[in-house]
Amino acid sequence: MRTGEIRDALKGNYGRRWRAKTRILLVMGDASQVELLVPKLTSLRWVEGDGVVLIWGGGLTETPDVTLFDAIRKLHRRPLDGIVWVTPTFQHQQALVQSAPVISLSAEQADNAARHLQAVFITLRWRVPLYLWSLYGTRDDVTLHSATCLFPAGCTTALCRSQLTSLAIQMAEQGTQQVTRNIRDNVLLKMANLLMPGAEAISESLSTFFSPHRPLPLAAVILSQYAESTSSGVAHAWRRDDRWRALLDSLPALPTELKAQRTGRSGMGVLAVCTAGLILLWGAGMVVSFLANRNLIGESLDQARLAGGPDKPLAERLTALSALQQTPGMLRWRQQNGVPWYYRFGLSQNDALLDALWPRYTRIAIPLLRDEAAQHLTQELTALTRLAPDSPQFAAQAKIAYNQLKMYLMLSRPEQMEASFFSQALMQDWPERAGISRASWQGVGPGLWQFWGEHLQAHPEWKIAADKNLISQVRTLLIRQMGIRNGEAALYQKIIEQVTPHYTDLRLEDMTGDTRAEHVFYTRSSVAGVYTRKAWEEEVLPAIEKIVNNRREEMDQVLGDDTHSASDPLSPQALKTRLSERYFTDFADNWLDFLNSIRWKRTQTLSDAIDQLTLIADIRQSPLIALMNTLVVQGRTGLTGEALSDSLVKSAKELFNTKENQTIDQHAREDGPMASTFSPILALMDEQSAGQDISHLSLQTYLTRVTQVRLKLQQITNAADPQGMSQALAQTVFQGKTIDLTTTRDYGNLVAASLGQAWSGFGQTMFIQPLEQSWQQVLQPTAAGLNAQWKALIVNDWNSAFGGRYPFRDVGSEASLPLLAQYLRSDNGRIPHFLESHLSGVLHKQGRHWVADTVNAQGLVFNPAFLEAMDQLSQIADVAFIRGEAGMRFELRPGTARDVMQTDLVLDGQKLTYVNQMPAWKNVVWPADTQASGATLSWVSTNTGTRIYSDNPGTWGWIRLLEKAEITDNAGVSSGFNLRWTAQDGLPLNYTLRTEAGEGPLVLLKLRDFELPEAIFVVNSKISSEEEE
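Residue numbers are given in numbering that gives the first Met the number 0: position 406 of the sequence shown equals residue 405, and the series is strictly consecutive.
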């Protein structure tokens, strides 16, 4: 069915308001019954007549036609006024005498009809009244009769039965009257005869429609005859008869619950509610907006009045101005980003208030800020011009005058204003202001100047009229004082900032490719991508050339002359040279920092160290060669001898692990801007010079020697007794002999030293630590073996001979001097002999001290106690055992003392008596060749006779006596010492000792509590942090 056709027909018949003049009914039911009620409706689909439109809706036993009902729903906002269900039920007879019960709807039929109608309502989205129309018989009289039973809203089964019974009684009365007039007009009596006994059955069959759980708007039951088929010559035309009068009249009179109404929410209703809500919200928003705008305007005006009041204190005015300037800033931000909702609703005064505040702010801020700042800066600059250029005051003032001039120019040139700099510099230059405390000024000042500076460019009328003569004078003085013009640094920094984002940092793995560099060395640092040859050739050099070609040197805005700023250009080539020099200086620094941060990876075993040496010496897979070739490529940055395209191709080949890039570059001798930094590397990679000069250091020679060392170490690991062979190798070095490992290590030290101090970290890592680490792996087991030999050959016998004896312990038994001489004498003593035979390659005697060899002893940690003990024993041997056997000569001289009349000192039979005569020196030999060895000291005082201070028999008696003396240096006697014993009665017994060598017999006192260390080396100690780095 085409709804457009119906709408057009109705518009044509009834005008634009056709819906108000028509009633639209949906006719449903059995098609044959519908044809009896409305002829040709099922075939035409819709008919219209006398303001009534009937639409065929199909049977109730069929599935609802969704397409049909969607089309009906689109016909009008209110698509239907009612539904007519045509059915033959409730009628069964033609005679007046009842002979059979009424055939009513079954429960299943009623339920199916109810479900069908509910589906129709859902599809239409409208709930319309339902009229059940029952037809029977034929028209056999002149008049068409019908009976209509209307139901109220909320009708029940009982109420339905009562309504039907009442209708039957009325129809019986009317039928009786009609029969008296015309015996054939008995239709009403037949209907009454149907309803009277069948009211209960009919109401029961309709109970489904009255169910409270699923009520249907059943408005009426209509009983009538069907009419004979009549046709009209006009399509879709229909002639309405009197049977439809009661139905059409009941439509406007139906209860509200039964009238047609939309199911769900009405679009217009929702729109009305939303509109009302929006109006209320808008009204509330207008109230809020009014209050907020009024409050903002009032506060702004109050702040402006306070700030502009000339009678107010300066502190209050500046504070108010600080608060006032926040409002224009806020309003301008809102102008750009949007006003808050509670200031809108058609009442926003943002732009108007902003326009009104700027003049007020200008009028207040110019005298308070701009004029005061200009006056302060003018005074400061004028004071500078009055100082003598060669005075200390001028030199000090000139350091800050640059910023003062810059701020002065910013006030006169809005386009040069830098708000942050202006605020900070002015507050530093003007920390105190008259009329306001320092704390308050420091609190509000920065914000005031920051705001002024940020908005000066937007308000050029705020600028001051600069004093050109003052500016010219100050510029001349500053240029003479500073001797430079700025601008070059800014150009360079701009280039770097522009190029930096285009290149990623260059890491160690990028430089070594697939060479397993992580197994030998590592670093967490990287080289900034802007400082690479690729960046230089692709962007940095073109950027410099563009600046040189398109611009002259920009005159510094502070020191530049306004009238001659473009008449004194720098040479383009000179500018290019200076910018390039800056770049290559930073280039070299970046690479040096990166390379010196590389660290060699420590290994735990000799096998791992051999693997590292194998890897770095492999001509095809060496990460060291790959790294060195990368350095050659980068070191040639800035060369002009190669075409740019060839250079880039070569750089790519050497950086990305192709087979060719693992061989040593033979063309590394070019001169360029990086030659001063990379020349050691380029020289190391120059094999041509190496072939011409045998003294030339080269990487190839170094790697060849590393290979020799690696083969030697592999022999050790593959030997039947690896530990024994490694100890023999180390012992060879300990004995002062050279081997391949030590010569290669010396060569690596020489290579590292040839790189210079700038490359010290890189040289240490690449050329010293690989061999140093291998040497340490060889030395560690050997050091433990030497400790064992030292203990077995020396320490154990020493402890057996001297342990628990004097002077090593304070006991009566004494150590044998001849035996001690066998250990200590310098010519062939056991200890010196052991050191010479086992440690001559790593330990040397310098004077009285034993010192570790700085080369061969690398990787060994000498026991500090051992070195200290050897130094101590060497000093004793040089004094006490100078002739091989124990013995020394010295002189003694008695000294005077109050109340001491005589002293007697007997030393190994040598007697020295003093009776207060002139003191004289006496030569003494110790130990003397006598059987009466020992030392005795006695004295005679003025109060007592001879008394013995101490009697010490034995070879060590003299040393025991010296141990009891107070010993001090004698400044008046060369190699002399003052000896003082305090007698039992408190009297001093004084002597002076003069030795031939060193401390003489006093040196033996160092053996007191002496213990010989059991270890020469500290084994399995951690490498010091310095070595690790």
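For glycine and all other residues, C-beta sits at the position ideal for the given N, C-alpha and C.
Everything numeric in this text was worked out from a predicted model, so none of it was measured.
Expected contact under 8 Å - CB spacing of residue i and residue j to nearest Å
{"i": "glutamate 813", "j": "glycine 997", "result": "Actually they do not touch by this definition, with Cβ atoms about 22 Å apart."}
{"i": "leucine 891", "j": "valine 923", "result": "6 Å"}
{"i": "glutamate 962", "j": "leucine 1004", "result": "6 Å"}
{"i": "leucine 823", "j": "phenylalanine 880", "result": "5 Å"}
{"i": "tryptophan 461", "j": "phenylalanine 421", "result": "Incorrect: roughly 13 Å between the Cβ atoms, too far for contact."}
{"i": "valine 939", "j": "glutamine 901", "result": "4 Å"}
{"i": "alanine 616", "j": "leucine 702", "result": "5 Å"}
{"i": "arginine 261", "j": "arginine 124", "result": "6 Å"}
{"i": "leucine 40", "j": "glutamate 34", "result": "7 Å"}
{"i": "alanine 542", "j": "glutamine 497", "result": "7 Å"}
{"i": "valine 794", "j": "isoleucine 875", "result": "In fact, because the Cβ distance is near 17 Å, the residues do not count as touching under 8 Å."}
{"i": "leucine 36", "j": "threonine 21", "result": "Actually they are not in contact, since the Cβ atoms of leucine 36 and threonine 21 sit about 19 Å apart, beyond 8 Å."}
Delimiting residues of the alpha helix (DSSP H) encompassing residue i
{"i": "alanine 394", "result": "391 to 411"}
{"i": "alanine 426", "result": "Checking the sequence shown, residue 426 turns out to be methionine, not alanine. Here the alpha helix (DSSP H) through methionine 426 covers 418 to 428."}
{"i": "leucine 1085", "result": "Since the first residue shown for the chain is 0 and the last is 1028, residue 1085 is missing from the structure and cannot be characterised."}
{"i": "tyrosine 13", "result": "2 to 13"}
{"i": "leucine 149", "result": "Note, leucine 149: premise wrong, no alpha helix (DSSP H); beta strand (DSSP E) at 145 to 149."}
{"i": "glycine 442", "result": "437 to 455"}
{"i": "lysine 189", "result": "186 to 204"}
{"i": "glutamine 492", "result": "487 to 498"}
{"i": "glutamate 172", "result": "156 to 180"}
Residue i vs residue j beta-carbon contact at 8 Å
{"i": "threonine 676", "j": "methionine 510", "result": "no"}
{"i": "alanine 516", "j": "proline 622", "result": "yes"}
{"i": "isoleucine 23", "j": "proline 78", "result": "yes"}
{"i": "histidine 115", "j": "serine 223", "result": "no"}
{"i": "phenylalanine 583", "j": "serine 525", "result": "no"}
{"i": "proline 806", "j": "leucine 1011", "result": "no"}
{"i": "threonine 147", "j": "alanine 198", "result": "no"}
{"i": "phenylalanine 150", "j": "alanine 218", "result": "yes"}
{"i": "serine 974", "j": "threonine 991", "result": "no"}
{"i": "alanine 787", "j": "leucine 859", "result": "no"}
{"i": "proline 679", "j": "glycine 755", "result": "yes"}
{"i": "aspartate 907", "j": "proline 893", "result": "no"}
{"i": "glycine 971", "j": "valine 878", "result": "no"}
{"i": "alanine 896", "j": "proline 817", "result": "no"}
{"i": "arginine 331", "j": "leucine 295", "result": "no"}
{"i": "leucine 74", "j": "threonine 2", "result": "yes"}
{"i": "isoleucine 624", "j": "tryptophan 789", "result": "no"}
Endpoints, beta strand (DSSP E) assigned at residue i
{"i": "asparagine 969", "result": "Run containing asparagine 969: none; DSSP gives neither H nor E here."}
{"i": "isoleucine 221", "result": "217 to 224"}
{"i": "leucine 25", "result": "22 to 28"}
{"i": "leucine 514", "result": "Residue 514 is actually threonine in this sequence, not leucine. No beta strand (DSSP E) contains threonine 514, which DSSP labels as neither H nor E."}
{"i": "serine 133", "result": "129 to 135"}
{"i": "valine 83", "result": "81 to 86"}
{"i": "glycine 634", "result": "Not the beta strand (DSSP E): glycine 634 falls in the alpha helix (DSSP H), residues 622 to 634."}
{"i": "glutamine 909", "result": "909 to 913"}
May I have a chain-ordered list of the beta strand (DSSP E) segments no shorter than 3 residues that lie completely inside the stretch 747 to 803? Correct list: empty.
Cβ pair count under 8 Å reaching 3, the stretch 703 to 718 against the stretch 748 to 765: No, because fewer than three Cβ pairs between the stretch 703 to 718 and the stretch 748 to 765 fall closer than 8 Å, the two stretches do not touch.
Would you say the stretch 822 to 837 touches the stretch 741 to 751, given that touching needs at least three Cβ pairs under 8 Å? Not touching, per the Cβ criterion.
Could you pull out every unbroken beta strand (DSSP E) segment of at least 3 residues lying fully inside the stretch 918 to 1001, listed in chain order? Counting whole runs of 3 or more residues, the stretch 918 to 1001 contains the beta strand (DSSP E) stretches 921 to 925, 933 to 940, 945 to 952, 965 to 968, 975 to 981 and 987 to 994.
Decide if the stretch 532 to 540 is in contact with the stretch 605 to 616; the criterion is three or more beta carbon pairs, one per stretch, under 8 Å apart. Output reads no: the stretch 605 to 616 does not touch the stretch 532 to 540.
Should the stretch 47 to 54 be called in touch with the stretch 105 to 116, which here means at least 3 C-beta pairs below 8 Å? The answer is no - the stretch 105 to 116 does not touch the stretch 47 to 54, with fewer than three Cβ pairs under 8 Å.
Evaluate contact between the stretch 935 to 949 and the stretch 982 to 990, counting only Cβ atoms and requiring at least three cross-stretch pairs below 8 Å. Under the three-pair Cβ rule at 8 Å, the stretch 935 to 949 counts as touching the stretch 982 to 990.
Would the stretch 116 to 132 and the stretch 69 to 84 be scored as touching if the rule is three or more Cβ pairs under 8 Å? Contact check between the stretch 116 to 132 and the stretch 69 to 84: three or more CB pairs, one atom from each, fall below 8 Å, which counts as touching.
Completely contained beta strand (DSSP E) runs for the stretch 841 to 901, where each covers 3 or more residues: Segments of the beta strand (DSSP E) lying fully in the stretch 841 to 901: 842 to 845, 848 to 851 and 887 to 893.
At a cut of 8 Å, does the stretch 421 to 438 reach the stretch 457 to 476 through at least three beta carbon pairs? No, they do not touch.
Meets three-Cβ-pair contact criterion under 8 Å: the stretch 333 to 352 and the stretch 390 to 399: Contact fails between the stretch 333 to 352 and the stretch 390 to 399, because fewer than three Cβ pairs, one in each stretch, are under 8 Å apart.
With three or more C-beta pairs closer than 8 Å as the rule, is the stretch 53 to 67 touching the stretch 19 to 36? Counting C-beta pairs with one atom in each stretch, the stretch 19 to 36 and the stretch 53 to 67 have three or more that are closer than 8 Å, which means they touch.
Any chance the stretch 346 to 365 sits against the stretch 306 to 321, with 3 or more Cβ pairs inside 8 Å? Touching, per the Cβ criterion.
May I ask you to verify whether the stretch 406 to 414 touches the stretch 373 to 392, counting CB pairs closer than 8 Å and requiring at least 3? As far as the Cβ criterion goes, the stretch 406 to 414 touches the stretch 373 to 392, which means the pair count is three or higher.
The stretch 286 to 305 in contact with the stretch 320 to 327 per 3-pair CB rule at 8 Å: Put simply, the stretch 286 to 305 touches the stretch 320 to 327. At least three CB pairs are less than 8 Å apart.
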